[in-house]
Every structure is written in structure tokens, then in C-alpha cells.
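For reference, the structure is listed below as C-alpha cells.
There are 2 protein chains.
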Amino acid sequence: MALQFAILTALTERQSTGLELARRFDRAFGYFWSATHQQIYRELDRLRSRGLVVEVSSAEPPARGQPKRFAITAEGTAALREWIAQTDEPVQLRDALAIRVRAAAAVGDPEQIRDVVTHHLEVHEQTYGTYREIEARDFSVVDTDSDMLRYLVLKAGVAVERAWADWCREVLDTLDEMKARRTATETSPESP
Amino acid sequence: MALQFAILTALTERQSTGLELARRFDRAFGYFWSATHQQIYRELDRLRSRGLVVEVSSAEPPARGQPKRFAITAEGTAALREWIAQTDEPVQLRDALAIRVRAAAAVGDPEQIRDVVTHHLEVHEQTYGTYREIEARDFSVVDTDSDMLRYLVLKAGVAVERAWADWCREVLDTLDEMKARRTATETSPESP
DNA sequence: TGTAACATGTAATCAGTTACATGATTGC
DNA sequence: GCAATCATGTAACTGATTACATGTTACA
Numbered sequence: 003m004a005l006q007f008a009i010l011t012a013l014t015e016r017q018s019t020g021l022e023l024a025r026r027f028d029r030a031f032g033y034f035w036s037a038t039h040q041q042i043y044r045e046l047d048r049l050r051s052r053g054l055v056v057e058v059s060s061a062e063p064p065a066r067g068q069p070k071r072f073a074i075t076a077e078g079t080a081a082l083r084e085w086i087a088q089t090d091e092p093v094q095l096r097d098a099l100a101i102r103v104r105a106a107a108a109v110g111d112p113e114q115i116r117d118v119v120t121h122h123l124e125v126h127e128q129t130y131g132t133y134r135e136i137e138a139r140d141f142s143v144v145d146t147d148s149d150m151l152r153y154l155v156l157k158a159g160v161a162v163e164r165a166w167a168d169w170c171r172e173v174l175d176t177l178d179e180m181k182a183r184r185t186a187t188e189t190s191p192e193s194p
Numbered sequence: 003m004a005l006q007f008a009i010l011t012a013l014t015e016r017q018s019t020g021l022e023l024a025r026r027f028d029r030a031f032g033y034f035w036s037a038t039h040q041q042i043y044r045e046l047d048r049l050r051s052r053g054l055v056v057e058v059s060s061a062e063p064p065a066r067g068q069p070k071r072f073a074i075t076a077e078g079t080a081a082l083r084e085w086i087a088q089t090d091e092p093v094q095l096r097d098a099l100a101i102r103v104r105a106a107a108a109v110g111d112p113e114q115i116r117d118v119v120t121h122h123l124e125v126h127e128q129t130y131g132t133y134r135e136i137e138a139r140d141f142s143v144v145d146t147d148s149d150m151l152r153y154l155v156l157k158a159g160v161a162v163e164r165a166w167a168d169w170c171r172e173v174l175d176t177l178d179e180m181k182a183r184r185t186a187t188e189t190s191p192e193s194p
């Protein structure tokens, strides 16, 4: 649903080929939407058939293997403006790591989740660091409205990554605590 | 991919009918996974055909309109244990609200997002409040390992809702600031 | 007897993922 | 000529959503 408008937004900022869009979705756009090149090509084709984007390549016939450059049309901008003002419901959180933690609670085997939580912590810290670098490089000066809004989007990514990293750390600390308690009970089993 | 294990976890905690599961996914399980009853019935059917759950209803023939109660089997518990220990990659953030903000930046029409951001703020504050109530009611005493882990899962929900609510507020504050600046420029257009 | 609430299920559709296919350009 | 890279595209599959269908139970 939202991918088409993510593409229209990206094309508003700069006209691009499909692969360039895919790369932009792997970088800057990645902190709020991700998409593979297959999805993007399919979506670009749909958007073109609806007249919301046009191919702006030179007069040569479009061929496979040759880059096709797309730009947003007036109709595309109108559709994007209309969509922006619509209200929707926040998507429900859906996170497999939380299921693993709850499942570990249910089957009583906490240590099994240590590796996956550690891995998630690393990834979130890494992504957090990347966003911080982008912040320092691109948003040390923020004066226009547009800059402020784009900075806010980055800040959402920063906050989410920070929250998950902190949570992973809390899980690992809790696992340590539980392990220490088990060891204590084993060495001195004369508990009440 | 993870829904089947969410169901196995729910059935480990308590055997349930399909509709009971759907209701549990709307409440407690909802803070890390959501699923409709259609999804759950289909998944239960698959799990049963793989021998990971069994129907525990009385000897009567299973009929439409009659509740079917399911329980996890030993094979189901083994499959769940195996899955818990697997590592995976964190899912990419995918949030339409962030696209709306970035799109508003691109087309230069910030006020258009005020309503949708206000609505998201309300929903996130509401959900945050609900989680806090669950916290006070069910986790005022946390002593077993299982309790600690289940509490951690709730805390993830609390942290995410808090982060999004704070972010929505920051967006609204920024919109106010931008609006005030525009008004100032209009009344005194002799800017540098 | 009708209607609301409970309960299970089917079908169609859509978005996203994965694997693979095809062609153009560049540099060795 | 061939390997690497850039670039566009097709096909199959899976998970999630939406709309609809069907039957049971309680009760006014």
C-alpha cells in the first residue's frame, strides 16, 4: 500500500532509475521502508500505467539491460499530496524476537535465547551508529522546513534502534542474573 | 514464519480453541504479534497435520460451529525448543507515517500531516496506558524466571509505544514551530 | 421465533520474498 | 573472448488481509 507513495516521494526528491531507487531504499529510505529491486520494478510499472510517473530517458527505444529513468508527473504529485493527508492506523508490532523470549519463558529454557538476543543487539547498535553518523554528516545544520521534517524521520529511526538495543541489553542482563541465581542454588541447595 | 511458534507458545501456556487464541492475540500476545482468526484456524490446521498440536475435545465428531480445543504435543514442544535457539535478522522498520512525514518534506506541505500524527499519538498513548495497567496488575511481583521473561516482553511493548508517542509529540511541536515561523514571516515580510 | 453472540471455516486478493533469467557495458 | 558489474525483468511462493459463508447456543 505505502510502497507506491514511498517511490513517489523518492522521485519527488530526485528522478531515478529502478536500481538507483533500490539503492536509495537500502540507504536513506531504509530507515523507514525497505524494498527489493523486484518490488520496485513492479511498482514502477504500475505507477507508469496509471500515469503517476513517466520515463524520461532519451528518445531511444527502452531495452532490457538499459537504464530507464523515471520522474513523477503532476498527477503523481497530486496523488501523493492526497495520500499524505489521509489518516491511518498504526501498524501492530510484530517481532519474532519477543516471541522467542516469551516462548523461552513458557518452556523454561532461558539460555537458549542468549545468542539470538546478542546478535540483535549487535545489529541494532550497528544501525544506531550508522544513523548517528548520518545525523552528524547531514543534519548538523537544519534550517529549512524540509530539513526539519527529514531530520525528524531520521530521529524516528534513531529512537527505535536505541530502544531495541537497550531492550536487548536488558534481556542479556536478566539472563545473567538468572544464571547467577541458578549457580547459587546449585552450590548451596539448602534453600528454604 | 513466526506465527506457528507464537501459537505453539500460546498453547504451551494454556490449551485453547481457535477463537480463544484469536482473542489472546488481540490482548496479551498483541504486544508482540497480531493475527486474525482466519490466520489462526489455517495455521492450527497445518500444525495438526504436522502432529505439533492435537485436538483434545471430547470423543464427539468435530462439527462446524462447535469449539475445538487444541493442545501442544511433545513433538510441538520439541519444534518450539528448536526454533527458540535459532538466530535470525531483525526485521526492517516499515512505517507509513514516516513516509508521510518525508513526503510532506518533499512536496512542502507540512500541515497536511498534523491530523494523522495527532491520531497516531492518541493511539500510542492509549496503548502505552494499557500496557502500564497490565504492568501494575500482573507484574507488581516478579520472582520466577518465567515471570521475569514475560515481563521483559511487556517492557519491549512499553518502550516501543513510549518511543513512538514521544516522537509524534516532537513532530507536532515541530509543526507548531514551523507554523509560528510562517505567521511571523507573513506579518513582517521584511526579512533579511 | 428471531436475534445476538459464539465459533469455525472458505475464497480472493495483495504485498513481500526468493530464485532465476536476460541483456549491456567495462576492463583485462 | 571472458569475467565482473550494472541493469531490468519473470515466476513461484508465502504470509497477511478482507469479505463472505455456515453452523450452534442462549435468551428475550
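Just so you know, the protein sequences line up as chains A and B, in that order. The first sequence lines up with residues 3 to 194 when you count with this note's numbering. The second sequence lines up with residues 3 to 194 when you count with this note's numbering. Yeah, the Cβ is synthetic: ideal placement off N, Cα and C, and Gly gets one too. These numbers come from a predicted model, not from an experiment.
{"Asked": "Could you tell me which whole alpha helix (DSSP H) segments of length 4 or greater appear in the region 30–108 of chain B?", "Found": "39–51 and 76–86"}
{"Asked": "Kindly indicate if chain B contains any beta-carbon less than 7 Å away from that of I9 (chain A).", "Found": "no"}
{"Asked": "Is the distance from the Cβ of R52 (chain A) to the Cβ of T19 (chain A) below 7 Å?", "Found": "no"}
{"Asked": "From the DSSP output, which residues share a beta bridge with S148 (chain B)?", "Found": "According to DSSP, S148 (chain B) bridges with nothing at all."}
{"Asked": "I'd like to know if A167 (chain B) contacts chain A, where contact means its C-beta is closer than 7 Å to some C-beta of that chain.", "Found": "no"}
{"Asked": "With a 10 Å radius around its C-beta and 16 neighbouring C-beta atoms as the bar for buried, classify A186 (chain A) as buried or exposed.", "Found": "exposed"}
{"Asked": "Going along the chain, which residues of the region 74–92 of chain B sit with their C-beta nearer than 9 Å to a C-beta in chain A?", "Found": "T79, L82, R83, W85, I86, A87, Q88, T89, D90, E91 and P92"}
{"Asked": "Can T189 (chain A) be considered in contact with the ligand ATP, in the sense that its beta carbon sits closer than 6 Å to one or more heavy atoms?", "Found": "The ligand ATP is not part of the structure shown, which contains no ligands of any sort."}
{"Asked": "Rank A:L82, A:M180, A:R164 and A:F31 by C-alpha distance to the C-alpha of L151 (chain B) and give the top, closest one.", "Found": "A:M180"}
{"Asked": "Hey, out of B:G110, B:W85, B:L99 and B:D117, whose CA is closest to A98 (chain A)'s CA?", "Found": "B:W85"}
{"Asked": "Residue range of the alpha helix (DSSP H) that I9 (chain B) falls in?", "Found": "L5 to E15"}
{"Asked": "Hey, could you find the ends of the alpha helix (DSSP H) G20 (chain B) is sitting in?", "Found": "G20 to D28"}
{"Asked": "Between T19 (chain B) and chain A, is there a C-beta pair that is closer than 7 Å?", "Found": "no"}
{"Asked": "Taking 7 Å as the threshold (beta carbon to beta carbon), is H122 (chain B) in contact with chain A?", "Found": "yes"}
{"Asked": "Does the beta carbon of R96 (chain B) sit closer than 7 Å to a beta carbon anywhere in chain A?", "Found": "yes"}
{"Asked": "Under 8 Å Cβ to Cβ from A167 (chain A), same chain only, skipping five residues before and after it: list those, please.", "Found": "L123, H126, E127 and Y130"}
{"Asked": "Give the DSSP-derived three-state secondary structure of V162 (chain B) in the structure shown.", "Found": "helix"}
{"Asked": "Rounded C-beta distance between P112 (chain A) and L177 (chain A)? I'm assuming under 8 Å.", "Found": "6 Å"}
{"Asked": "What does E172 (chain A) reach in chain B if we use C-beta pairs closer than 8 Å?", "Found": "L154 and K157"}
{"Asked": "Can you pull the chain A residues whose beta carbon is under 9 Å from the beta carbon of H126 (chain B), in chain order?", "Found": "P92"}
{"Asked": "Am I right that V103 (chain B) and V155 (chain A) are in contact with their C-beta atoms under 8 Å? What's the rounded C-beta distance?", "Found": "5 Å"}
{"Asked": "When you compare only the Cα positions, how much space is there between T14 (chain B) and G110 (chain A)?", "Found": "11 Å"}
{"Asked": "Between S1 (chain B) and chain A, is any beta-carbon pair separated by less than 7 Å?", "Found": "Residue 1 (chain B) is absent from the structure shown; chain B starts at 3 and stops at 194."}
{"Asked": "With distance defined between alpha-carbon atoms, name the residue in A:A106, A:G32, A:R96 and A:T75 nearest to R50 (chain A).", "Found": "A:T75"}
{"Asked": "Hey, out of A:A8, A:D145, A:R44 and A:A161, whose CA is closest to G78 (chain A)'s CA?", "Found": "A:A8"}
{"Asked": "Once DSSP output is grouped into helix, strand and coil, what is the label at D111 (chain A)?", "Found": "coil"}
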